[in-house]
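Residue 219, in my numbering, is where the sequence shown stops; the numbers in between run on with no holes.
The beta carbon of each residue, even a glycine, is placed where N, CA and C say it ideally should be.
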Amino acid sequence: MEDHAIEKRGKSVDEAIKAALDELGCEIDDVIIEVIEEANKGILGIVGKKPAIVKVTVREKPEEEVKKTLVELLNKMKIDYKIDRVERDQEKVRINIIGKDMGLVIGRKGETLNALQYMTSLIVNKDREEKIRIVLDVEDYRRKKEKSLEKLAIKLSDKVKTTQRNVVMRPMSPQERRIIHTVLQGDPQVTTYSTGDEPNRKVVITVKK
């Protein structure tokens, strides 16, 4: 996608930015701003007076920006891969990768995949006020794991309801804990909370009082 950029002048940098955003029909998070020149009031507001000049470039769509960044990182790994799906909703951008040697991309307990996801997020969200949540998946590894965790959460919540005793789950990553909390947040009989320190933080399922 070719970047669309314009230059605008104003009495101040803020005024120039607002003029550019109005012309482009964009919000501040949709653009990259470069201040070319600060405003100068000059001498007595007359001699040497200069306007502020800014260059405002429209960002790529979030999903395209994520895909482009991920491709650059994967190419450096020199592996055979293909972008299978790019999905976007109000909460996140999700990309699924397929190909040979995907075990190398996943790594031990998903550590390499998590690192790749973190790096992609770091690059894409640089200078963004409203961060984009990114989920990278490999041959639906995460999706299958999510389904498994969802089933486990329901099974353990049933146990809590039957025994009226708390259940402490195994240590989980922040992403895994979020799944458990999300699945059970609408259950009127149980509630969940996290306890402990990373990397041994756990989810506790307890009867709602």
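Bridge partners - residue i, DSSP secondary structure assignment
i    : result
G109 : Y91
G20  : A62
T192 : Bridge partners of T192: none, in fact.
V214 : V178, Y203
Pairwise C-alpha distance: residue j and residue i
i    : j    : result
E33  : A49  : 20 Å
L2   : N106 : Residue 2 cannot be examined here, being either before or after the span of the chain that is shown, 11 to 219.
E25  : I144 : 33 Å
I38  : S131 : 19 Å
K59  : D90  : 57 Å
K218 : Q100 : 30 Å
K171 : Q195 : 15 Å
R153 : I43  : 37 Å
E46  : A30  : One detail in the question is off: residue 46 reads as Ile in this sequence, not Glu. Straight-line Cα distance between these residues: approximately 14 Å.
R188 : V103 : 16 Å
L166 : E97  : 31 Å
I142 : Q185 : 15 Å
M11  : R175 : Here M11 scores only 41 on pLDDT, less than 50, and its place in the model should not be relied on; the value that follows carries that caveat. Cα-Cα distance, rounded: 55 Å.
M112 : K92  : 11 Å
D197 : E82  : 42 Å
D94  : K136 : 26 Å
S204 : V115 : 29 Å
T79  : D168 : 42 Å
V68  : E75  : 12 Å
V134 : I27  : 22 Å
T202 : R138 : 31 Å
D40  : E70  : 8 Å
Local conformation of residue i per DSSP, three classes
i    : result
N85  : helix
A26  : helix
D32  : helix
A49  : coil
E70  : coil
E160 : helix
R98  : strand
R180 : coil
E44  : strand
R104 : strand
M11  : Confidence at M11 is low in this model, with a pLDDT of 41, below 50, so the placement of that residue should be treated as unreliable; the coordinate-derived value is given next. M11: coil per DSSP, three-state reduction.
E37  : coil
D168 : helix
E208 : coil
K219 : coil
Does the region 115-124 come into contact with the region 159-166, if we say contact requires no fewer than three beta-carbon pairs (one atom in each stretch) closer than 8 Å? no
Report yes or no: do three or more beta-carbon pairs, one from the region 58-68 and one from the region 20-31, lie closer than 8 Å? yes
Start-end ranges of the beta strand (DSSP E) lying completely within the region 119-153, minimum 3 residues: 143-148
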